[in-house]
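Residue numbers -20 to -1, 1 to 720, in mature numbering (1 follows the signal peptide of the UniProt record, and there is no 0), belong to the letters of the sequence shown in order.
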Amino acid sequence: MSHRKFLVVLTALAMTSAGLIPGSAAGAHSQRSTYWDRQATYPVYENRPAGEDPASATAAEISAVTDDGRTLIYTDALAKRIGFLDISKAGKPKGLGTLGVDGEPTSVTVRGDYALVVVDTSESFTNPSGVLHVVRIKDRKSVRTLDLGGQPDSVALSKGKDKRYAAIAIENERDEDVNDGDLPQAPGGFVQIVDMPSDNPGKWSVRKVALPASELKGITAPEDPEPEYVAINDRDKLVVTLQENNGIVVIDLRTGRIEKAFSAGTATVTGIDTKNDGKIDLTGQITDVPREPDSIAWVDDRYVATANEGDWKGGTRGWTVFDTYTGRVVWDAGNSFEKLAVTYGLHNEDRAGKKGTEPEGLAIATFHGTRYAFVGSERSNFVAVYELSNPAKPVFKQILPTTNGPEGLLPIPGRDLLAISSEEDDASVNVRSSVTLYELGKDKPGFPSVISPNGIGWGALGALSAVPGKRSKLYSVTDAAYTPTRILTLDAGKAPVEITAELTVTDAAGAPVGYDAEGISARPQGGFWLGVEGVTGAGNKLVRLDASGRTVETVNLPAEISAGLAKQGIEGVSATNDRNGEHVWVALQRELSTDPKGIVRIGRYDVATKAWTWFGYQLESTTTPGDWIGLSEIVAVDANTLAVIERDKLNGPNAKIKRVYTVTVPSKDPAAGTLPVLKKHLAIDVLPALRADNGWTQEKLEGLTIGGDGQVYAITDNDGVQDATGETVFLRLGPARKVF
């Protein structure tokens, strides 16, 4: 038996499908490579001050970059500081430390030698305050502080060589606990313009631009304007979103005069999931909902684009292009942004009944003559890339996976880079804020590795099985993240792998049923075995389905086994058929309470005699607090060889153990009451493959199988985007004869 380490990582190819998958038409621009390739994912807790607990809350929210494109500066409101990263080498960003700012920084931009940091210093909603810190970058000293007279939210810098103006949105946000969060709530917001006639911050000054109700006709609650985001075009025209007011305002920076104000309008969006019921059901609709845009960017000197996140009453799950001359919509995403999440396995069911994908961040920039729009999904953890040569006809190009809560989108055209700041940070569930760097210049996108081109919703794929008699067709099954349970057919002959069919699992009476299916094995004689994990030990069982997905048999674990299990039970299943009959192998994830520490069980169920036989498996050890090691899949390689996935509970840079081992089963059954420990052999360390695409290393390597083509395949469980980035990684590990 060979234990040679052999690994081939899947490289995804682009496909064409109704504008949701980039195709040849979308890619025909120039001879230059036009896809974005992930270079690095930097967890910002690694840039913490000396002595600070790495579990302390810290985040990168909004980013800016120095003129040479080599030092990135990010805001960290959680820790009340700004951070500095050396991105001279995009593939190896380095932390350069932080600077405290005595408040919550909300946005940052760079003008020459200085970072302009706007900081919320408010004591209360009714007494908002804030300042602009001018920080000299080379020595990180605040050289000037300007009072802003209210709570700032965002800052933008004018273009051109002189960069004469900065504009700051003073939101003075509402208190959502007062009057059900309804507007109006005094004081209202306004805009501050920073006049910068020279490079000397000592000569800079601010002037207030009020937003009187008389100038905001057609906008919701105009007596309480709440500016959210600002952007400046080449003609020094400022555009401001008033998110809760569902409005957009255009201001001339030279005069401070309001030139136009208009409503962002409403939208009716069909074909989306609007219920948090465990189903990915794209038959819902939202009707006449205010767009309530968050981010805004100029497409050119006339058109603007908005990310319609929603906050108070609205949010339309997409983005829109407006004509600022008329206030009219020239293009709207409709349901296409939501469908991207479904197509790429990033649908967040927990948010279906709220604002769905929740597009928040948006940026527009030109690279090598091609204008791109970048739109970030706060809840589904991706950035969608569009070509925007024609403001009325955006063309979807690519989807970029991120860590949780992408907020700051920073194009760096001079270096062909895009920096994405993701703000969610909760060390208790291993969700950490990061800065991800993408570089333009790849012929084919590295993501996705699995796609659903025909609208079949998917996610939480924690198991694999070959389709009997088919060379490159596989089955997977959804776990408890969704209900009812569905068996999905995957075509591994395509790259990326395509989900081509779904089968709903039903109970004995034919009603759809939800199992926490953690293992699947297709039977050559028809039907399936599912390995079902229970909330408690007694809930663990084998379930046999017929070819239609109907439950025809349930096999409980022996009472003495289930009594020793906690919530981590059956995590893999593999059925064999030979002259001795049909047998079903199961892997238990964690040790029984009655077994020695570090010894987990592998079981064999004899279908004919209904007898169970048990073997022990020695797990690796860990000293990391909160970590544990367990099994998450089992595959019968041949008559006496089993392969298992052994993994830790860690992700990101902390992940250490993501391995496939083999064990040889003795020809004689063990004596009753004994638990012989099988000797294991390392077949392959999968960790390098999981890190090959420079993303956040996924925790749950859970699916493994040998296809009809003799190839070994593996897949990660994305946990339905719950306390996880949501990225699914499908791996081709090589021929079984070499791997095992």
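Heads up, the beta-carbon is just placed ideally off N, CA and C, and yes, glycines get one too.
Quick caveat: nothing in here was measured; it's all calculated off a predicted structure.
(message) Closest to Leu441 by C-alpha separation, out of Glu482, Arg671, Pro448, would be which residue?
(response) As a first step, residue 441 must be located in the sequence shown, where it is residue number 461. When only C-alpha atoms are compared, the closest one is Glu482.
(message) Please report the distance separating the alpha-carbon of Gly227 from that of Ile199.
(response) Within the sequence shown, residue 227 is the residue found at index 247, counting from 1. Within the sequence shown, residue 199 is the residue found at index 219, counting from 1. Looking at the two C-alpha atoms, the distance is approximately 6 Å.
(message) What does the Cβ neighbour count give for Ser554, buried or exposed, with the cut at 16 atoms within 10 Å?
(response) What you label residue 554 is simply residue 574 of the sequence shown in a count that begins at 1. Answer is buried; the Cβ neighbour count reaches 16.
(request) Could you round the C-beta distance between Glu513 and Gly549 to whole angstroms and report it? I think they count as a contact, below 8 Å. (result) In the sequence shown, residue 513 corresponds to position 533, counting from 1. In the sequence shown, residue 549 corresponds to position 569, counting from 1. Correct: roughly 5 Å between the Cβ atoms.
(request) Report the three-state DSSP secondary structure of Lys188 (helix, strand or coil). (result) Walking along the sequence shown from the start, residue 188 turns up at place 208. Residue state, collapsed to three classes: strand.
(message) With a threshold of 8 Å, are at least 3 pairs of Cβ atoms found where one atom belongs to the stretch 317 to 327 and the other to the stretch 270 to 283?
(response) no
(request) Helix, strand or coil for Ser357, going by three-state DSSP, please let me know. (result) Indexing the sequence shown from 1 puts residue 357 at position 377. It is a strand residue.
(message) Using a Cβ distance threshold of 8 Å, determine whether the stretch 227 to 237 contacts the stretch 248 to 262, with at least three qualifying pairs required.
(response) no
(request) Taking Leu622 and Val645 to be in contact with their CB atoms under 8 Å, please state how far apart those CB atoms are, rounded to whole angstroms. (result) The residue labelled residue 622 in the question sits at position 642 within the sequence shown. The residue labelled residue 645 in the question sits at position 665 within the sequence shown. Yes, Leu622 and Val645 are in contact; Cβ-Cβ is about 6 Å, under 8 Å.
(request) Consult DSSP for Glu634 and reduce its assignment to one of helix, strand or coil. (result) What you label residue 634 is simply residue 654 of the sequence shown in a count that begins at 1. Strictly speaking, residue 634 in this sequence is Asn, with Glu absent from that position. Helix.
(message) To test your reading of the DSSP string, which unbroken beta strand (DSSP E) runs of 3 or more residues are found completely within the stretch 79 to 151?
(response) 84 to 91, 94 to 100, 110 to 116, 121 to 127, 132 to 137, 145 to 150
(message) Judging by CA-CA distance, which residue of Pro202, Val186, Ala146, Thr21 is the nearest neighbour of Asp216?
(response) Taking the first residue of the sequence shown as position 1, residue 216 is located at position 236. It is Ala146.
(message) Taking 8 Å as the threshold (C-beta atoms), are Val535 and Leu522 in contact?
(response) The residue labelled residue 522 in the question sits at position 542 within the sequence shown. The residue labelled residue 535 in the question sits at position 555 within the sequence shown. Yes; because the gap between Cβ atoms is below 8 Å, this pair is in contact.
(message) For Val485, tell me which candidate among Lys450, Glu498, Leu525 has the shortest Cα-Cα distance.
(response) Residue mapping note: residue 485 aligns to position 505 of the sequence shown, counting from 1. The option with the nearest alpha carbon to Val485 is Leu525.
(request) Determine contact between the stretch 84 to 100 and the stretch 20 to 27, defined as no fewer than three beta-carbon pairs at a distance below 8 Å. (result) no
(message) Using a 10 Å radius around the Cβ and a threshold of 16 neighbouring Cβ atoms, would you call Asp66 buried or exposed?
(response) On the sequence shown, residue 66 is found 86 positions in, with the first residue counted as 1. Flag for Asp66 reads exposed.
(request) Report yes or no: do the stretch 597 to 617 and the stretch 667 to 674 share at least 3 C-beta pairs separated by less than 8 Å? (result) no
(request) Report the three-state DSSP secondary structure of Gly182 (helix, strand or coil). (result) Position 202 of the sequence shown, counting from 1, holds the residue named residue 182. Gly182: helix per DSSP, three-state reduction.
(request) Give a yes or no on contact between the stretch 140 to 156 and the stretch 171 to 178, applying the rule of three or more CB pairs nearer than 8 Å. (result) yes
(message) Between which two residues does the alpha helix (DSSP H) holding Leu667 run?
(response) Counting from 1 along the sequence shown, the entry for residue 667 is found at position 687. It spans 667 to 671 - the alpha helix (DSSP H) in which Leu667 sits, taken as one unbroken run.
(request) Look at the alpha carbon of Arg120 and the alpha carbon of Asp47, and state the distance between them as a whole number of angstroms. (result) Here the question's residue 120 lines up with position 140 in the sequence shown. Here the question's residue 47 lines up with position 67 in the sequence shown. If you take the alpha carbons of Arg120 and Asp47, they lie about 16 Å apart.
(message) Once the 5 residues before and after Tyr305 are set aside, which same chain residues still bring their CB inside 7 Å of it?
(response) Along the sequence shown, read from residue 1 onward, the residue named residue 305 stands at position 325. If we look at Tyr305 and ignore the five residues flanking it on each side, its Cβ neighbours are Arg282.
(message) Which residue marks the beginning of the beta strand (DSSP E) containing Glu551, and which one marks its end?
(response) On the sequence shown, position 571 is the one that residue 551 refers to. Counting along the chain, the beta strand (DSSP E) containing Glu551 begins and ends at 550 to 558.
(request) Could you name the residues of the same chain whose beta carbon sits closer than 7 Å to that of Ala364, not counting the 5 residues immediately before and after it, in chain order? (result) By one-based count along the sequence shown, residue 364 stands at place 384. So the qualifying residues of the chain are Phe317, Leu320, Val355, Phe376, Ile379.
(request) Can you tell me which of the three DSSP states Gly519 falls into? (result) In the sequence shown, the residue the question calls residue 519 occupies position 539. In the structure shown, Gly519 sits in a helix (DSSP, three-state: H, G or I).
(request) Starting from Lys422, follow the beta strand (DSSP E) in both directions and report where the run begins and ends. (result) Taking the sequence shown and counting its residues from 1, one reaches residue 422 at position 442. Here the beta strand (DSSP E) through Lys422 covers 414 to 422.
(message) Restricting to Cα atoms, I'd like to know which of Ile637, Thr469, Thr458, Glu419 is closest to Arg451.
(response) Your numbering for residue 451 matches position 471 in the sequence shown. Among Ile637, Thr469, Thr458, Glu419, the Cα nearest to that of Arg451 is on Thr469.
(request) Please report how far the alpha carbon of Ala136 lies from the alpha carbon of Ala211, in whole angstroms. (result) Start at 1 with the first residue of the sequence shown, and residue 136 comes out as number 156. Start at 1 with the first residue of the sequence shown, and residue 211 comes out as number 231. Taking the straight line joining both Cα atoms gives about 6 Å.
(request) Check Gly349 in the structure and name its three-state DSSP category. (result) Locating residue 349 in the sequence shown gives position 369, where the first residue counts as 1. It is coil, neither helix nor strand.
(message) So Gln569 and Gly610 are supposed to be a Cβ contact under 8 Å. How far apart are they, rounded?
(response) Residue numbering aside, residue 569 sits at position 589 when the sequence shown is read from its first letter. Residue numbering aside, residue 610 sits at position 630 when the sequence shown is read from its first letter. Right, the Cβ-Cβ distance comes to about 4 Å (below 8 Å), so this counts as a contact.
(request) Output the distance between the C-alpha atoms of Thr267 and Ala277, rounded to the nearest integer angstrom. (result) Position 287 of the sequence shown, counting from 1, holds the residue named residue 267. Position 297 of the sequence shown, counting from 1, holds the residue named residue 277. Taking the straight line joining both Cα atoms gives about 26 Å.
(request) Look at the alpha carbon of Glu613 and the alpha carbon of Ala527, and state the distance between them as a whole number of angstroms. (result) Residue mapping note: residue 613 aligns to position 633 of the sequence shown, counting from 1. Residue mapping note: residue 527 aligns to position 547 of the sequence shown, counting from 1. So the two alpha carbons sit approximately 23 Å from each other.
(message) In this structure, how does DSSP classify Thr323 when only helix, strand and coil are distinguished?
(response) The residue labelled residue 323 in the question sits at position 343 within the sequence shown. Three-state DSSP puts Thr323 in a helix.
(message) In the DSSP output, which residue or residues are listed as bridge partners for residue 722?
(response) Absent from the model: residue 722. The displayed extent of the chain is -20 to 720, so no value can be given.
(request) Rounded to whole angstroms, what's the CA-CA distance from Gly494 to Ala472? Just pull it up for me. (result) Position 514 of the sequence shown, counting from 1, holds the residue named residue 494. Position 492 of the sequence shown, counting from 1, holds the residue named residue 472. Those two C-alpha atoms are separated by around 26 Å.
(request) Ignore the nearest five residues each way along the sequence and tell me which others in Ala8's own chain have a CB closer than 8 Å to its CB. (result) Here residue 8 is taken as the residue at index 28 of the sequence shown, counted from 1. With a pLDDT of only 34 at Ala8, under 50, the local geometry of the prediction cannot be trusted, and the value read off the model is given with reservation. Excluding positions up to five away in sequence, the list is empty.
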